[in-house]
Amino acid sequence: MCMDDCCSTPSRRDFLKLSAMLTAAGALPLLSSLQARAAAEPDAPVRIGYLPITDATPLLVAHNNGLFEAEGIKAERPVLLRSWAQVIEAFISGQVNVIHLLSPMTVWARYGSKVPAKVVAWNHVGGSGLTVAPDISDMQQLGGKTVAIPFWYSIHNVVLQQMLNDNGLKPVSKPAGAQLADNEVNLLVLPPSDMPPALASKRIAGYIVAEPFNALAEHLKVGRVQRFTGDVWRNHACCVVFMHEHDLNNRPEWSQKVVNAIVKAQQWTREHRAEAAALLSKAGPNKYTPHEPAVLAKVLAPSAEDRAGYIASGAIQHQQWDEKRIDFQPYPFPSYTEELVKRLKNTLIEGESGFLASLDPAQTARDLVDERFVRKAIEAVGGPAAFGIAENFQRSEEFAV
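The sequence shown lines up with residues -38 to -1, 1 to 363 when you count with mature numbering (1 follows the signal peptide of the UniProt record, and there is no 0).
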């Protein structure tokens, strides 16, 4: 079992490992293993791979509440992994068959390395923020400093760079200790669990990441939330549910039941936020994460006083959007995927990103996402209104720094 550092996303070593893995040639050995596993075990149970962050909530709630079994399918205990490199490696090789993955990483996996997998649902919306040192109150104060991101292919990187650009700052990727111009902000990939101590020691001036690491900085009094990402890109997806095409095509009934359980878990979580925080915590029956109940509750079930404080500080600037700190809505809007691809093309990304140039946003949205199962699952729990979305399953993207 992992200790607290198992919450990490890639260090530079993991990033380089993942970069090598997510190429057409690098993925071949793992894809061969996937094919062998699929042939040897055509009726494999649900095997979830996850990182212990709030992004994993629906998958863990579905397991804890017996929702897979209620659908008539078997599910093993979710496998806690140390990094995104481990998550994608376990997935490509077939060790796990249902994962939550950063939405931009699915673009990289499918088109950078030809991994035969698709997004079947969103896992959650919002759930991330930019946390800065206590003495920073304005974005422009980040000039000449370093800000940590969890991964280059992340919504965090996309949103942060837009925020920096709109404030006259230039995102760069330079070696540690390199001289920075007053308008440059150096981006550093760090594991989330390393972010609060790095902020406390002044190694970095801020970080943008999934919860509960923003709430943890507040709890430890080492940082303050400068802005929630959901207040910049309204109801944006962060992590999505990724599944193998061989399951979607060869086991459609099984795949439908998996998605049914995840959608029901999202609906349950929306109605039992405090209870969800408790069951995900290290005090919960399954000890899914190493986090304190109070820290998770600050994310999943924040108080009205918390919200008022964030409005006063400017962490929330679009209060009319009525965004939750984290929320759950499973439908993968095509408009979001299209906008994501457009923005990735104009985002600084270290490593191989040449494949992005050839992607057509609309075609990518149609190819990357298989929405057959989630539409049926949503209809089964009351239709789009159950999640506060339009009956025609359409929306317009709102992005406002």
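Ideal placement from N, C-alpha and C gives every residue a C-beta, glycine not left out. Small disclaimer: the values here were computed from a predicted structure and weren't measured.
Sequence-distant residues of the same chain with beta carbon closer than 7 Å to residue i, five excluded per side
i	result
residue 354	none
residue 97	none
residue 358	297
residue 55	-9, -6 and -5
residue 279	193
residue 335	82, 217, 218 and 221
Cβ-Cβ separation, residue j to residue i (assumed contact under 8 Å), whole Å
i	j	result
residue 22	residue 242	6 Å
residue 66	residue -7	Wrong, their Cβ atoms sit about 26 Å apart, outside the cutoff.
residue 58	residue 41	6 Å
residue 111	residue 15	Actually they do not touch by this definition, with Cβ atoms about 14 Å apart.
residue 307	residue 319	7 Å
residue 231	residue 19	6 Å
residue 351	residue 291	6 Å
residue -3	residue 75	The Cβ separation is near 18 Å, so there is no contact.
Where residue i sits in the DSSP three-state scheme
i	result
residue 352	coil
residue 365	As displayed, the chain neither begins before -38 nor continues past 363, which places residue 365 out of reach and without an answer.
residue 251	coil
residue 322	coil
residue 57	coil
residue 244	coil
residue 146	strand
residue 189	strand
residue 271	helix
residue 168	strand
residue 17	helix
residue 289	strand
residue 140	coil
residue 204	strand
residue 98	coil
residue 451	Because the chain is modelled from -38 through 363, residue 451 falls outside the range shown and cannot be assessed.
residue 277	coil
residue 361	strand
residue 231	helix
residue 26	helix
residue 396	Past the boundaries of the shown model lies residue 396; the chain is included only from -38 to 363, so the question cannot be answered.
residue 93	strand
residue -33	Annotation note: pLDDT 36 at residue -33 (below 50); position unreliable, no value reported.
residue 3	coil
residue 316	helix
residue 299	helix
Beta-carbon proximity check, residue i vs residue j, cutoff 8 Å
i	j	result
residue 34	residue 219	yes
residue 200	residue 297	no
residue 92	residue 64	no
residue 157	residue 129	no
residue 37	residue 8	yes
residue 303	residue 69	yes
residue 86	residue 12	no
residue 208	residue -1	yes
residue 240	residue 255	yes
residue 198	residue 313	no
residue 360	residue 327	no
residue 60	residue 205	yes
residue 285	residue 196	yes
residue 263	residue 236	yes
residue 73	residue 295	no
residue 338	residue 210	no
residue 167	residue 109	yes
residue 379	residue 202	Nothing in the structure corresponds to residue 379, since the chain is present only between -38 and 363.
Cut-off 6 Å between Cβ atoms - residues of its own chain near residue i, not counting five sequence neighbours on either side
i	result
residue 29	223, 226 and 227
residue 136	148
residue 261	16, 173, 174, 177, 287 and 288
residue 134	146 and 148
residue 106	142 and 144
residue 114	311 and 312
residue -38	Here residue -38 scores only 28 on pLDDT, less than 50, and its place in the model is too uncertain to base an answer on.
residue 162	184
residue 120	305 and 309
Beta-carbon proximity list for residue i, same chain, < 8 Å, skipping 5 on both sides
i	result
residue 348	229 and 340
residue 125	92, 101, 189, 194 and 363
Residues bridged to residue i (per DSSP)
i	result
residue 364	Residue 364 lies beyond the range of the chain shown here (-38 to 363); nothing can be said about it.
residue 225	Note: residue 225 sits in no beta bridge, so no partner.
residue 64	201
residue 88	288
residue 132	146
residue 81	204 and 331
residue 110	150 and 169
residue 195	361
Check: residue i C-beta below 7 Å from any heavy atom of the ligand ZN
i	result
residue 140	The model depicted lacks the ligand ZN and carries no ligand whatsoever.
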